[in-house]
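For the sequence shown, numbering that gives the first Met the number 0 assigns the number 0 to the initial residue and increments by one for each residue that follows.
This report refers to the structure that appears directly beneath it.
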Amino acid sequence: MLLLYFCITGYSLNSSKADIKIHAEAILRKQVLKEASWAMKQAPLTITSSTSPRSAGGKHDFFSEADYFWPDPKNPDGPYINRDGLSNPDNFVDHRRAMIRFSRVIGALASAYKLTGDEQYVKQAVKHFRSWFINTETRMNPNLLFAQAVKGRFTGRNYGIIDTIHLMEVAQGALVMEKAKSFDPQTLAEVKKWFAEYTHWLNTSKPGIQEKTVKNNHATCWAMQVAAFARFCKDEAMMDSLRV
């Protein structure tokens, strides 16, 4: 929703800012406020609310499983085997769902704040930011060491980095709200610290480097994420490194 809003507001370089805002509000206002009303009712829910016995990580580590790997009928207790194109419905998906929900909540709240300037949306967003990135009991570690694991083969794979593409909406939302009175400087600094640490991991870890250099859509998604996170963190050097 938030990215859609910015696509629409930026559709014409020849329009004045006032004209763009009027057009965007006319098209999206009702939908944005409806989604924000839903988001205002949502309590924070992070990855620590559920765990999988197949995860090699801890409570604060994001975990997901590769979609197309299944138990081997010839060796049910052994390593999973690939069945390309067939998603395993028994895979652990709770962390993915929690992150998608988080993205939806922040996108909705930031969009509503952008349209109305109402601080209530920022106050609600801050609760979610603190839960995901700051609170020691509920925060997520800033890495994806255990994403898209394959039982009996890999505790995590570089391909799992695509799972955090939903955090682009979160970073964009934080950028929209960062100057709001209700976004206190300490919380903002901690959120930026988390994204800076994750961006560093994406650029220096073995999985991150592997994902950066693959020759497919995964490398594109890696670059999209790094660009979005670096922009939020005001990391000009990182953004320059992505320009071609």
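We put the beta carbon where it would ideally sit given N, CA and C, even for glycine.
Just so it is clear, the structure is predicted and the values come from calculations on it, not from any experiment.
message = Using a 10 Å radius around the Cβ and a threshold of 16 neighbouring Cβ atoms, would you call G159 buried or exposed?
response = Within the sequence shown, residue 159 is the residue found at index 160, counting from 1. Buried: at least 16 other Cβ atoms inside 10 Å.
inquiry  = If I measure Cβ to Cβ from Y10 and keep anything under 7 angstroms in the same chain, skipping five residues before and after, which residues do I get?
reply    = The residue given as residue 10 occupies position 11 in the sequence shown. Any reading at Y10 must be qualified, since the residue scores a pLDDT of 49, below 50, and its modelled position is unreliable; the value itself is stated next. Taken in chain order, the list of residues that qualify is empty.
task = Note down, in chain order, each residue of its chain lying with its Cβ closer than 7 angstroms to the Cβ of C220, except the 5 sequence neighbours on either side.
result = On the sequence shown, residue 220 is found 221 positions in, with the first residue counted as 1. Here the set comprises I161, I164.
key: Of the listed residues D93, I208, A195, nearest to M238 (C-alpha basis)   = Within the sequence shown, the letter at position 239 stands for residue 238. Here the closest residue by C-alpha is A195.
request  = Taking L114 as the reference, give the member of A236, L32, V213, K233 with the closest Cα.
outcome  = On the sequence shown, position 115 is the one that residue 114 refers to. For the residues A236, L32, V213, K233, the minimum Cα distance to L114 belongs to L32.
request  = Just the C-alpha distance for D18 and E24, rounded to the nearest angstrom, thanks.
outcome  = For the purposes of this step, residue 18 is taken as the residue at position 19 of the sequence shown. For the purposes of this step, residue 24 is taken as the residue at position 25 of the sequence shown. Taking the straight line from one Cα to the other gives about 10 angstroms.
ask   = Exposed or buried, I21, counting other C-beta atoms within 10 Å across all chains shown (16 or more means buried)?
value = Here residue 21 refers to the residue found at position 22 of the sequence shown. Counting Cβ neighbours within 10 Å, I21 comes out exposed, since fewer than 16 surround it.
query = K150: buried (16+ other C-beta within 10 angstroms of its C-beta) or exposed?
reply = Mapped onto the sequence shown, residue 150 falls at position 151. It counts as buried.
Boundaries (first-last residue) of the beta strand (DSSP E) holding F101 = Your numbering for residue 101 matches position 102 in the sequence shown. Counting along the chain, F101 falls outside any beta strand (DSSP E), though it belongs to the alpha helix (DSSP H) covering 93 to 115.
ask   = Beta carbon of V225, beta carbon of T203: below 8 angstroms?
value = Along the sequence shown, read from residue 1 onward, the residue named residue 225 stands at position 226. Along the sequence shown, read from residue 1 onward, the residue named residue 203 stands at position 204. In this structure, T203 does not lie closer than 8 angstroms to V225 by Cβ.
ask   = Per DSSP, V149 is paired with what?
value = The count along the sequence shown starts at 1 and reaches residue 149 at position 150. V149 pairs with F153.
message = Buried or exposed, going by whether 16 or more other CB atoms sit within 10 Å of the CB of T135?
response = If you number the sequence shown from 1, residue 135 lands on position 136. So T135 ends up on the exposed side.
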